[in-house]
Amino acid sequence: MSKKKVLVTGGAGFIGGNFVQYMIDKYPDYDIYNLDELTYAGDLIKHKRIQSKDNYYFVKADIADRKTIMSLFKKEKFDYVVHFAAESHVDRSITNPEIFIRTNVLGTQVLLDAAKEINVKKFVHVSTDEVYGELDFDPKTFFTEDTPLQPNSPYSASKASSDLLVRAYHETYGLPVNITRCSNNYGPYHFPEKLIPLTISRVLNDERVPVYGDGKNIRDWLHVQDHCSAIDLVLHNAKSGEVYNVGGHNEKTNLEVVKTIINTLEKSEELIEFVEDRLGHDKRYAIDPTKLEKLGWTPIYDFDSGIANTIQWYLDNKEWWEQIISGEYKNYFASQYSIK
Ligand code: NAD
Ligand code: TDX
Numbered sequence: 001m002s003k004k005k006v007l008v009t010g011g012a013g014f015i016g017g018n019f020v021q022y023m024i025d026k027y028p029d030y031d032i033y034n035l036d037e038l039t040y041a042g043d044l045i046k047h048k049r050i051q052s053k054d055n056y057y058f059v060k061a062d063i064a065d066r067k068t069i070m071s072l073f074k075k076e077k078f079d080y081v082v083h084f085a086a087e088s089h090v091d092r093s094i095t096n097p098e099i100f101i102r103t104n105v106l107g108t109q110v111l112l113d114a115a116k117e118i119n120v121k122k123f124v125h126v127s128t129d130e131v132y133g134e135l136d137f138d139p140k141t142f143f144t145e146d147t148p149l150q151p152n153s154p155y156s157a158s159k160a161s162s163d164l165l166v167r168a169y170h171e172t173y174g175l176p177v178n179i180t181r182c183s184n185n186y187g188p189y190h191f192p193e194k195l196i197p198l199t200i201s202r203v204l205n206d207e208r209v210p211v212y213g214d215g216k217n218i219r220d221w222l223h224v225q226d227h228c229s230a231i232d233l234v235l236h237n238a239k240s241g242e243v244y245n246v247g248g249h250n251e252k253t254n255l256e257v258v259k260t261i262i263n264t265l266e267k268s269e270e271l272i273e274f275v276e277d278r279l280g281h282d283k284r285y286a287i288d289p290t291k292l293e294k295l296g297w298t299p300i301y302d303f304d305s306g307i308a309n310t311i312q313w314y315l316d317n318k319e320w321w322e323q324i325i326s327g328e329y330k331n332y333f334a335s336q337y338s339i340k
């Protein structure tokens with residue numbers, strides 16, 4: 001039997017990067033292709049450990065570049081596609097929505113066309129709980145796979161649009177697909193524009209931490225390794241056409257998250273600075289993962305062990321994030337926040 005070829009898009013980013021390493025370690029008999037444009041959010045430093053493995057390949061390409069993507073698919077004849085590549089930061093989508101439509105919507109459509117052309121065996125589209133919009137603060141309410149799509153930000157609208165295209169390629173052309181909708185991830189190589197790594201890096205530098213509004217918005221946190229195992233399970237075991245929510249019941253207010261990090265690092269809560277709220281800030285996300293659990297998924301991390309592990313990782317890997325926050329990121333931070 002010939003080796004399985006797996007194309008991972010966005011494998012130089014946070015979750016895709018963790019997934020590439022997970023797959024290389026778990027499936028030495030698969031060839032893993034990492035396709036990434038290396039935008040501000042992507043780097044290959046994270047793959048130093050695996051770059052010389054003979055089943056790892058890197059392709060620098062833009063998913064919206066139809067000619068390049070088509071010829072790559074025709075040449076390599078991938079068995080599986082796991083699609084992470086996206087513009088992923090809500091705040092950036094509020095200031096510059098256009099690139100989100102190009103990458104997340106058009107880019108996904110190009111990949112679907114290419115996957116259809118070569119009859120891939122499975123196309124897993126990695127999406128987000130944000131496509132469902134927001135929940136109120138009633139702790140008994142959750143997003144299920146049947147919750148209507150009501151995205152509120154340009155980012156989540158672009159992801160919902162791509163979800164609908166994936167669904168349509170299944171219904172119209174019979175492309176074998178799954179869609180996963182995961183809650184907020186955290187863990188190694190999380191880019192420091194997002195709440196958890198932004199807080200860890202700023203607290204370690206004794207800098208103030210911007211908390212939007214009153215800090216009472218709730219997110220449902222999942223360690224990235226648990227997201228990787230969920231996608232692996234869906235790729236191999238899920239029936240084509242099915243959607244799966246991914247989440248581990250770890251709801252926290254933003255203020256709880258920030259205070260946990262500050263207290264673990266034994267710094268002062270006076271570092272917290274309440275700043276202007278995010279436009280259209282979703283109140284609460286919370287996932288009901290029953291369908292995925294029935295497929296056989298069990299997360300490993302609770303929030304306490306996961307955040308402790310993540311803080312330690314940022315302490316042990318300062319050179320990775322210090323290099324990021326000392327570059328172009330400085331201009332981003334200055335344009336985004338009123339604090340220094
Ligand atoms: P990220 O921003 O860290 O990484 C995105 C990667 O995609 C980067 O390596 C970037 O270079 C690449 N990329 C961007 N535009 C590209 C293009 N046009 N062509 C090729 N590559 C391109 O994102 P992430 O946080 O790892 O998220 C990955 C996926 O998971 C996204 O689709 C996101 O919507 C989804 N998701 C994220 C979370 C989360 O909490 N971060 C939760 C649920 C779902
Ligand atoms: O400086 C900040 N201060 C703050 O209070 C930042 C960056 C965020 N926040 C708040 C906004 C959110 O309520 O923290 C919460 C988490 O914010 P982000 O880390 O930006 O994540 P979020 O907007 O929830 O989206 C993330 O989870 C779902 C990912 O970035 C998305 O790609 C994913 O789909």
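Residue numbers for the sequence shown follow full-length UniProt numbering, beginning at 1 and rising by one.
By construction, the Cβ of each residue, glycine as well, lies at the ideal position given by its N, Cα and C atoms.
Given the structure is predicted, the values throughout are model-derived calculations rather than measurements.
Chain-order list of residues whose beta-carbon lies under 6 Å from that of residue i (same chain, five-residue window excluded)
i           : result
Y169        : L112, L175
residue 342 : The requested residue 342 does not occur in the structure, where the chain is confined to residues 1 to 340.
R278        : Y212
D288        : F142, T144
V6          : Y30, I32, Y80
N184        : R219, W221
L255        : G215
P197        : H190
K67         : none
Which residues DSSP lists as bridging residue i, in chain order
i    : result
C228 : Its beta-bridge partners do not exist; DSSP assigns none.
I307 : I307 pairs with nothing; no bridge assigned.
S127 : R181
I287 : F143
D282 : Answer by DSSP bridge pairing: none, since D282 is not bridged.
L35  : T9, V59
W221 : N184
Y80  : V6, K122
V105 : Looking at the DSSP assignment, V105 forms no beta bridge with any residue, so it has no partner.
V166 : None; V166 has no bridge partner.
L135 : R284
N245 : R181
T253 : I218
V211 : F274
For residue j and residue i, believed in contact at Cβ under 8 Å, the rounded distance
i           : j    : result
K275        : V203 : In the sequence on display, residue 275 carries Val and not Lys. Not quite, the Cβ-Cβ distance comes to about 16 Å (not below 8 Å), so this is no contact.
R167        : I218 : Between I218 and R167 the Cβ distance is about 28 Å, and since that is not below 8 Å, they are no contact.
I94         : I200 : 23 Å between Cβ atoms; not a contact.
Y155        : N18  : Contact doesn't hold; Cβ gap of about 20 Å is too wide.
W313        : I45  : W313 to I45, Cβ: 14 Å. No contact.
H89         : E193 : 6 Å
T103        : R181 : Contact flag wrong, Cβ pair sits at about 19 Å.
D232        : G248 : Contact doesn't hold; Cβ gap of about 16 Å is too wide.
H83         : V126 : 6 Å
I99         : E87  : 6 Å
residue 344 : Q336 : The question about residue 344 has no answer, for the chain in this structure spans 1 to 340.
Y22         : C228 : 4 Å
residue 354 : V124 : The requested residue 354 is not part of the displayed model; the chain covers only 1 to 340.
Spatial neighbours of residue i in its chain, beta-carbon cut-off 8 Å, leaving aside the 5 residues before and after
i    : result
L165 : V105, T108, Q109, L112
N309 : G187, H223, Y301
K4   : Y27, D29, Y30, D31, D79, Y80
E37  : K60, A61, D62, I63, A85
N34  : V8, G11, A12, G16, V20, H47, Y56, Y57, F58, V59
D206 : K267, L271
L72  : L35, V59, A61, A114
E76  : K5, L7, Y33
Close Cβ partners of residue i (< 7 Å) along its chain, the five nearest in sequence each way excluded
i    : result
I272 : V209, V211, V258
A238 : N178, Y244, L295
E269 : K259, I262
D43  : A12
G241 : H170, V177
F303 : W221, N250, K252
K53  : I24
N152 : G133, E134, G280, D282
I339 : R208, P210, E273, V275
T147 : Y132
K291 : E145, Y244, N245
Proximity test, residue i beta-carbon vs the ligand MN heavy atom, cut-off 8 Å
i   : result
I63 : You won't find the ligand MN in this model; what it holds is the ligand NAD and the ligand TDX.
Please confirm if the stretch 62 to 79 is in contact with the stretch 126 to 141, defined as three or more CB-CB distances below 8 Å between the two stretches.
no
Any contact of the stretch 257 to 266 with the stretch 105 to 124, i.e. 3+ C-beta pairs under 8 Å?
no
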